[in-house]
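Residue numbers (this note's numbering): 137 to 367.
We treat Cβ as the ideally placed atom computed from N, Cα and C, and that holds for glycine.
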């Protein structure tokens with residue numbers, strides 16, 4: 137089982153926490169609890185009572201939303217290094233999104249009392265927590281922009297890249313990027329029919345760009361997929 141020290145190194149090497157000062161990073165990590173969740177287990181649900189922040193160490197998360205008439209439905213998939221929960225920390229209002237473990241998942245949990253301790257000692261630390269909200273704003277704007285792509289194949293590919301956290305850049309390692317979502321979920325997110333999503337995925341698989349298995353798409357060639365968006 138992964139240690140808290142190793143977990144801290146993972147979340148310090150990517151995402152929001154990597155872009156904060158070392159003193160703040162240390163203050164966050166020393167107050168975090170290491171928690172484990174089985175596949176299908178909710179971390180928290182929409183409208184749950186306010187709570188702290190969660191950083192994804194290992195595994196994957198389905199992110200659900202219900203902002204208007206429809207929902208809840210899965211809108212995103214989170215990879216290690218991603219943090220959530222700043223909204224409730226700021227407002228002390230119920231959760232706006234839900235997180236569910238898509239596979240066995242390990243997370244670091246910064247409780248609300250930990251947030252309060254940090255900003256109690258340094259009120260300017262709120263700005264560093266605010267960077268996480270800006271990260272999520274960037275993600276939402278990029279996702280909205282991709283959904284305006286008229287070509288349905290390119291739109292689907294753009295959504296798939298976002299889900300694999302490789303929409304802009306490719307991870308340093310050469311391992312397949314596994315997105316633990318079924319074809320129906322991805323089709324809904326890309327605003328295409330399920331049969332259309334299946335046809336696109338089979339074509340990408342035939343071209344050696346992805347692998348397909350039960351409730352999982354493995355992204356093999358992010359660079360090539362991104363080039364498709366420029367053609």
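In the DSSP secondary-structure assignment, residue 213 is bridged to 198. Between residue 148 and residue 161, the alpha-carbon positions lie close to 8 Å from each other. DSSP links residue 237 through a beta bridge to 197. Shown here, residue 185 sits in coil according to DSSP, grouped into three states, outside any helix or strand. Looking at the DSSP output, residue 352 sits in a beta bridge with 349.
In the three-state scheme derived from DSSP, where H, G and I count as helix and E and B as strand, residue 164 is classed as helix. In the structure shown, residue 285 adopts coil according to DSSP, grouped into three states. Our two residues, residue 179 and residue 235, have alpha carbons roughly 5 Å apart in a direct line.
Between residue 258 and residue 231, the alpha-carbon positions lie close to 25 Å from each other. Of all alpha-carbon atoms in 272, 269, 297, the one lying nearest the alpha-carbon of residue 282 is that of 297. Partner residues in the beta bridge of residue 313, as assigned by DSSP, are 355. Taking 7 Å as the cut-off, the Cβ atoms of residue 351 and residue 318 count as close. With 16 or more other Cβ atoms from the protein chains shown falling within 10 Å of its own Cβ, residue 303 counts as buried. For residue 336, same chain residues with a beta-carbon under 7 Å away, outside a window of 5 residues either side, are 289, 292 in chain order. In the DSSP assignment, residue 171 falls outside any alpha helix (DSSP H) and lies within the beta strand (DSSP E) extending over 169-173. With distances taken between CA atoms, residue 219 lies nearest to 151 out of 311, 279, 151. For residue 171, the CB contacts under 6 Å within the same chain, skipping 5 residues up- and downstream, are 243, 245 in chain order.
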